Structure formats: structure tokens, C-alpha cells
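Under UniProt numbering, the first residue of the sequence shown is numbered 1, with each subsequent residue one higher.
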Amino acid sequence: MAERALRGTRLGATSYENDRNTDLAPRQEVTYDCPRGHRFSITFATEAEVPTNWECRFCGETALMVDGREPQEKKAKPARTHWDMLLERRSMEDLEEVLNERLELLRSRRREEQEHMEAIAKERRSA
Numbered sequence: 001m002a003e004r005a006l007r008g009t010r011l012g013a014t015s016y017e018n019d020r021n022t023d024l025a026p027r028q029e030v031t032y033d034c035p036r037g038h039r040f041s042i043t044f045a046t047e048a049e050v051p052t053n054w055e056c057r058f059c060g061e062t063a064l065m066v067d068g069r070e071p072q073e074k075k076a077k078p079a080r081t082h083w084d085m086l087l088e089r090r091s092m093e094d095l096e097e098v099l100n101e102r103l104e105l106l107r108s109r110r111r112e113e114q115e116h117m118e119a120i121a122k123e124r125r126s127a
């Protein structure tokens, strides 16, 4: 007889249980107002932490809970830049010294390249 009840159905697609004699968890209904004038309700468990804002189901804007306070923005640290981190490791005098060393290195390379190019040009002229 059980075989006949399952014939023609997809296993796992349909539940044959019913809601009789079951106790549902206690619930609360929270209402939200959208800045565009939409009002809707969401059901939460009573022990759940209810958020003060929720995405509006009609337009997608951020809706606030009715009789709820606006959430306070958390104080965020300012973003640390590469320059800030560099200043934590070195003083301005050290940075100026490193800059001057690197500039002198670049200038010496350019001088060498210039001398090399002049030597090549001189060879071509004499050949």
C-alpha cells in the first residue's frame, strides 16, 4: 500500500508531514518604513536580535524600523597610507638622506649613459 502512495511522485520534492500538533517558535512582527513611503512587516523569532534597518522589498532602499532609532555610525579609524607607515619607521631627516642618495645614483647612471652615447657617436663619426 505504501508503494502506491509513492507512485508517481518525486522523492524529496514534497513533504507528507503536516503542521498538526506542532508548536511553532514564538514570533514577533516588526514594521519598517521606507523613505519612499513604503511600509512592510517582517516576522522574527522573539529571541532574535531585530535589526534597526532593512532593505525595502519594493524599491531596495534602506528602510528604518518604526519607532526605532537610527543606528549610530561606528567610529572608524582613518585609513593608513603608505606615507603614514613610512613615517612610523623613519624620520624626515632619514627620508631626505635616502632621497638624496637615490637621486645621486640616478644622476650618475644618466651621466654614464650620456658618456656611453657620446662615445658611440664619436666612434661612428671617426669610422
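Built from N, CA and C at the ideal position, the CB exists for glycine as well.
Because the structure is a prediction, the values reported are computed rather than measured.
For the alpha helix (DSSP H) containing residue i, list its first residue and its last residue.
i, result
"Arg80", "Arg80 -> no alpha helix (DSSP H), and no H or E assigned at all."
"Glu101", "92–126"
Since residue i and residue j are thought to touch, with beta carbons under 8 angstroms apart, how far apart are those beta carbons, to the nearest angstrom?
i, j, result
"Thr62", "Asn53", "5 angstroms"
"Thr27", "Thr43", "Inspection of the sequence shows that residue 27 is occupied by Arg rather than by Thr. 5 angstroms between Cβ atoms; contact."
So, for residue i: in the same chain, excluding its five sequence neighbours on each side, which residues have a beta-carbon less than 8 angstroms away from its beta-carbon?
i, result
"Met1", "Here the model assigns Met1 a pLDDT of 49, short of 50, so the residue's position is not dependable, and the following value carries that caveat. Closer than 8 angstroms at the Cβ level, and outside the excluded window around Met1, lies no residue."
"Arg90", "Val98"
Between the options, which has its C-alpha nearest residue i's C-alpha?
i, options, result
"Arg36", "Asp23, Glu17, Arg57, Asn18", "Arg57"
"Val66", "Pro51, Leu105, Lys77, Glu17", "Pro51"
Within a Cβ cutoff of 6 angstroms, which residues of the same chain sit near residue i, ignoring the five residues on either side of it in sequence?
i, result
"Ser41", "Glu29, Thr31"
If I follow the unbroken beta strand (DSSP E) through residue i, where does it start and stop?
i, result
"Glu49", "Per DSSP, Glu49 belongs to no beta strand (DSSP E) and is neither H nor E."
"Tyr32", "27–33"
"Leu64", "62–65"
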